[in-house]
Structure formats: C-alpha cells, structure tokens
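The numbering used here puts the first residue of the first sequence at 123, with every later residue one more than the last. For glycine and all other residues, C-beta sits at the position ideal for the given N, C-alpha and C. For reference, the structure is listed below as structure tokens.
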Amino acid sequence: METAVRERKRQREEVAVPIPSMTAVGGGEAQYVYLPIADALKAAGVRVCIFAAVSEIGAAFHSRGTDFTRTLRIFDQSRSTGISVTFFANDTALLPCVRSSGDVISLHNVKITNYHGEFFVTFDKRSSSFALFEGKASTESSPYQTSMKYHGSKQDDEILTNMRMWLVYPPPEGVGLKDLELQLRSVQSDLTFDLVCKVLHVYEAPSGEWIFYVWDGTDIPTTELQTCLNTEAVPLHLEEVPLPREVLCTLPCIGTILRIFSNKFCKEITHLQRDIYWARFCNITCKQEFGIWKGTLPPSSRVRLLSNEDGSVVERLKMYESRLSTKVGRRPMASLHKAFDFTDVELKRAGYATLMESLTYERVTHKLKTLVRVVSAFPWQGSDLHSLLSSNKHCLRLTLEDPTARIHAYVCKDGLVRFFGGSLTAAALTRKMNRLLGVPEQAAEKDTPVARNPPWIWCCLKSYRLEKEDPWGSRRYQVFGTEVRD
DNA sequence: TTGGGG
C-alpha cells in the first residue's frame, strides 16, 4: 500500500518539465504567479510562490543555531499529501503563528529543495515572505499575519476565495493521495498509517527509549493469542516499569491507551512532556506482542501537534461523547453484538466498570462487574485444577483483559468450586478452561500451537489489600459470584 | 552573511 503510493508520488515528481517560475513586476505593484505545489516541485531550486492550506502546525523551538524555528505542512489541490515548510526567525513572534489547521498561507519567493529523496519548501528569511489568512469559514480577505517583506498582490483575493471554496467542497476522491488515517479501533498489523490522538503521558526509559501513551476514545481490536497458556509468559503490560498510580489516575477509563515506542528524539517531545496535546503521528506502525498492541515510530514517521479546534480532533471528541452517552457505548467495542453465554454472574447491585475504572478507583476495595477476556490461567491443566479444587489451599490465577487494561485476578477456595460449577472431573475442568481461554476444540487434544481467541465473559471482581502498610502496592483482585457454564 | 531542519 505504502510503496504503491510512494511509487505514484515519485512518478509524478520525476517528470522534469521546465516551468516559467514566477514574478513579473508591472505598474508599481508586485504581481506574483502562484504555482500549484506539484508544479513547483518540477522547478526545484528556482524561486516560486505558493498559495496553500496548512495541515500541520509544528511547535516553535530554538534552532541549533541562533534562531527560532517552526515547521508547517501545507497542501493544495495538486498535492493533498502536502509538503513541509520550515521557517526561521530571530524572534518567535516573527514565525508564522497559525491559529488553526485549515488556515491558508501565501508564500512568496521560496525554493523547493530535495533532501534524501523528499521534497521540502525552503523559506529564506532574507528573501522569502509569507501571509496567513483564516480558513474556509471566513470571508475576511486581509491576512491576520504577514512577514515583514510581504507584499500583497492583486490576485490574492481571488485565489484566497478559490482556495476556501475548494476547502469547503473538496473534489471527489482520487484527485490527491492522502496518507491513510486510522483510528485505534481499526488498527491492523504491519500497516503504515497516521493516527490522530491525545498524548496523555510521555516517558523516557533509562535506555533512552521514549514511550508515548496515546488515546483517541476508541478501543483497539482484540488480538488472537498463541496457545501458550502459561501465565508467567503473558505480561500485564509491555513497558518494563508500570505507570505510577499518580499518572495512572489521570488517564481516561474508557478507550484504549496505546503505547507507542520510539528510539529517536523529536523536538515535539519537549512540548508533549510539559502539557497534554492532541497530535498527529504520521507514518506509524503497530504490531502485537503477547496479545498486546505496540505502536512503533519507523524512521519515516513524525509527530505534529494539533490544536483542539482541528477538524480531526473535534470529530474524535464528538465520537467519544456519543460513546459515553449510552450504557452499551462504555463496554468494549469488540464485545458488541456478541453473546455472553459463558458465565453466570450474580452481582445485581454493582454496576459495570472497565478494568481501568477499577484500577484508578479512589479506594483499595472495589466491587465491580466487568466484561473481560481470560488471556491466560495458572494452572490451566485439568489435572492441576482438579487437585487445586480438592486441596482447597491454593488459588487459580487468571489474567483478565479489556480494552483499557490487563490484571491478575485470583479464584480462591470456595469461589473455585462455585466458579467451575461443582467438583468436576479433570476432563470436565479441562473442557471448561479451554472454552474460557478460547482454545479451538480440535486443537485442545493435540499439543500443536494454534491461535486462540478467548470469548468475552461477564465477571464479578472485588479488590482488597494484603498489607495494611502498603494498601496500593499489595492490592489484589479476586473473582466472586461468577460461574462458568457448561 | 550563513546555518538552522527535513
């Protein structure tokens, strides 16, 4: 997919047609010839003028030299994937201060450069100039910001109107090639895509690796697991150090928080560490490890900060609000339209809560009804379960997950007999456990590794502390009032 | 009078 898009882009970019670049000065007023971005690319190295819309707004930073710098991404009809422009100025106030993505920018006397096979717009602070206009919703024709050397031209008004028309009524698909944009709920393995998300937390591991905790209000799809049933091999999270409780409690309780891992530093990180921003992660990929989704930033990826007014951000928030407005909307998205005939639960009074709601609950003790999948169990073999039930000494440990978290939950003593619906034979216990873990029936007999897909089950949980001195550190979950059916 | 950044 990505290669096809790149190939088509390259084909278009490689056609070297000489284009008369721009300027003609007449009658005392400057006349500027604006080139579509796609045409400007064919005139690399020549000074050109471009009239485009802003799709991404970078943060202002100190450059490695003496100036301040900011990068924008701009697009027009000829190139909906856009192109990056970096500005420099000795004062942040002189950098373009874009109020909202979708605003319109006029660039005079910029050059197209090709760096490592990718095109960029080079803005020279001595000779180039810019003007910023409000986006499609406005009729204001004068710019809200101009660089010092900017001279408006006669055609600006008309071109601005045309650009706004195009932004309101974009032409049908196929005119431009836009990067694939996915929500967490439609993520797939080994696909390169853009993700618009809220960056809730940034962590720098001692190894120098960065972890972004991101959220878009949707649930990431469930994964299939390998038949490996050993609890020890199934981690609760991918990061070495779990989030401290103070951070955990600031995170939303509905919707998946994806961990995106990155080895490279990007300057947006300093802003993301200080404050919570919506951002566009461009060209990221996801894969599964131990049934947990892990985002990664390949070399071609980048991070762009978004304003809260950005169209994609507004859309995500609206969707989240409508999700919260119904009881069913709060449940795991992947559990909708599924039957829950695997368990009987007795708890009428305790309401439904996600695992994250319980983890961040203000008290150590909490009773809740959850909709979860059993991703592993220890012990899991019928014979071991059988001696567990008869000895009445030890507990069965389950690893439960929903879109918001994974936890260990124990089934102990009387609860065990209740859980399995009586003192069953080893064979009957094996059968029930396999159903819980989603092991396909044919595979259960042989020991061949196949993918398993645990069903969603209703499950009652209660939490409590083991040690008075360390209530949160010793917090444990126990399954109660839940019976696995035949 | 240039680099900076990609």
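Among the options, nearest to residue i - alpha-carbon criterion
i: Leu233; options: Asn212, Ser223, Asp161, Ala215; result: Checking the sequence shown, residue 233 turns out to be Lys, not Leu. Cα-wise, what sits closest to Lys233 is Asp161.
i: Ser384; options: Glu368, Thr407, Ala401, Ile376; result: Thr407
i: Ile159; options: Gln153, Gly167, Tyr586, Ala174; result: Ala174
i: Ile342; options: Val309, Tyr474, Phe315; result: Val309
i: Leu217; options: His184, Gly224, Gly543, Ser202; result: His184
i: Val207; options: Phe245, Phe190, Gly224, His238; result: Phe245
i: His530; options: Lys584, Asp213, Leu546; result: Lys584
i: Asn405; options: Ser200, Thr314, Arg519; result: Thr314
i: Phe209; options: Gln199, Phe242, Phe197; result: Phe242
i: Asn212; options: Gly239, Asp189, Lys590, Tyr532; result: Asp189
i: Pro420; options: Leu358, Ile172, Asp312, Ala259; result: Asp312
i: Tyr266; options: Asp278, Ala253, Ala259; result: Ala253
i: Pro562; options: Glu443, Gln348, Arg438, Asp592; result: Gln348
i: Ile172; options: Tyr237, Arg186, Met285; result: Met285
i: Lys409; options: Glu240, Glu346, Asp592; result: Glu346
i: Tyr442; options: Ser200, Gln305, Phe542; result: Gln305
i: Pro611; options: Lys386, Tyr335, Thr392; result: This structure cannot speak to residue 611, because the chain is shown only from 123 to 608.
i: Gln199; options: Leu373, Glu431, Tyr291; result: Tyr291
i: Leu558; options: Lys440, Leu394, Asp608; result: Asp608
Status (buried if at least 16 other CB within 10 Å, exposed otherwise) for residue i
i: Glu390; result: buried
i: Gly257; result: buried
i: His230; result: buried
i: Ile205; result: buried
i: Phe412; result: buried
i: Met144; result: Low per-residue confidence applies at Met144: pLDDT is 40, beneath 50, and the placement is therefore not dependable, though the value from the model is reported in the following sentence. The residue in question, Met144, is buried, as its Cβ has 16 or more Cβ neighbours within 10 Å.
i: Pro576; result: buried
i: Glu178; result: buried
i: Met270; result: exposed
i: His323; result: buried
i: Ala215; result: exposed
i: Ile398; result: exposed
i: Gly544; result: exposed
i: Trp594; result: exposed
i: Leu163; result: buried
i: Ala146; result: Low local confidence applies: a pLDDT of 41 at Ala146 is under 50, so the model's placement there is unreliable, with the coordinate-based value given in what follows. Its Cβ having fewer than 16 others within 10 Å, Ala146 is exposed.
i: Ala401; result: buried
i: Arg132; result: For Arg132, the predicted model reports a pLDDT of 42, less than 50, meaning its position is unreliable and no value from the coordinates is stated.
i: Arg396; result: exposed
i: Asn556; result: buried
i: Val356; result: buried
i: Ile344; result: Position check: residue 344 holds Thr in this sequence, whereas Ile was assumed. Buried: at least 16 other Cβ atoms inside 10 Å.
i: Ser444; result: exposed
i: Leu360; result: exposed
i: Ser480; result: buried
i: Leu302; result: exposed
i: Gly149; result: Confidence at Gly149 is low in this model, with a pLDDT of 46, below 50, so its placement is unreliable and no value can be given for it.
C-beta atoms of residue i and residue j nearer than 8 Å
i: Phe255; j: Val226; result: yes
i: Lys320; j: Trp332; result: no
i: Ser429; j: Ser222; result: yes
i: Val467; j: Gly603; result: yes
i: Thr261; j: Arg307; result: no
i: Ile579; j: Phe464; result: yes
i: Thr482; j: Cys581; result: no
i: Gly504; j: Leu469; result: no
i: Ser434; j: Val318; result: yes
i: Arg598; j: Tyr532; result: yes
i: Phe197; j: Thr203; result: yes
i: Leu194; j: Val176; result: yes
i: Arg528; j: Leu358; result: yes
i: Leu632; j: Leu538; result: The structure shown does not extend to residue 632, since the chain is modelled only from 123 through 608, so no value can be given for it.
i: Leu282; j: Gly224; result: no
i: Pro403; j: Asp506; result: Rather than Pro, the amino acid found at residue 403 in this sequence is Phe. In this structure, Asp506 does not lie closer than 8 Å to Phe403 by Cβ.
i: Ala327; j: Glu362; result: yes
i: His508; j: Ala548; result: yes
Presumed contact (8 Å Cβ cut-off) between residue i and residue j, rounded CB distance
i: Leu427; j: Ala181; result: 5 Å
i: Ser329; j: Tyr154; result: So it is not a contact: roughly 51 Å between Cβ atoms.
i: Lys554; j: Val601; result: Wrong, their Cβ atoms sit about 14 Å apart, outside the cutoff.
i: Tyr272; j: Ser249; result: The Cβ separation is near 12 Å, so there is no contact.
i: Ala461; j: Lys491; result: Wrong, their Cβ atoms sit about 17 Å apart, outside the cutoff.
i: Arg424; j: Cys388; result: 7 Å
i: Asp279; j: Ser228; result: 11 Å between Cβ atoms; not a contact.
Near the ligand GDP: residue i beta-carbon under 7 Å from a heavy atom
i: Val494; result: Ligands are entirely absent from the displayed structure, and the ligand GDP is therefore not among its contents.
_Does the structure place the segment 500-515 close enough to the segment 485-492 that three or more beta carbon pairs sit under 8 Å?_
Not touching, per the Cβ criterion.
*When the Cβ atoms of the segment 415-422 are set against those of the segment 374-384, are three or more pairs found closer than 8 Å?*
Contact between the segment 415-422 and the segment 374-384 is present: 3 or more CB-CB pairs across the two stretches fall below 8 Å.
*Quick one: any contact between the segment 454-470 and the segment 490-500, if contact means 3 or more CB pairs under 8 Å?*
With three or more CB-CB distances shorter than 8 Å, the segment 454-470 counts as touching the segment 490-500.
_Three CB pairs or more closer than 8 Å across the segment 476-485 and the segment 524-536_ = A contact exists between the segment 476-485 and the segment 524-536.
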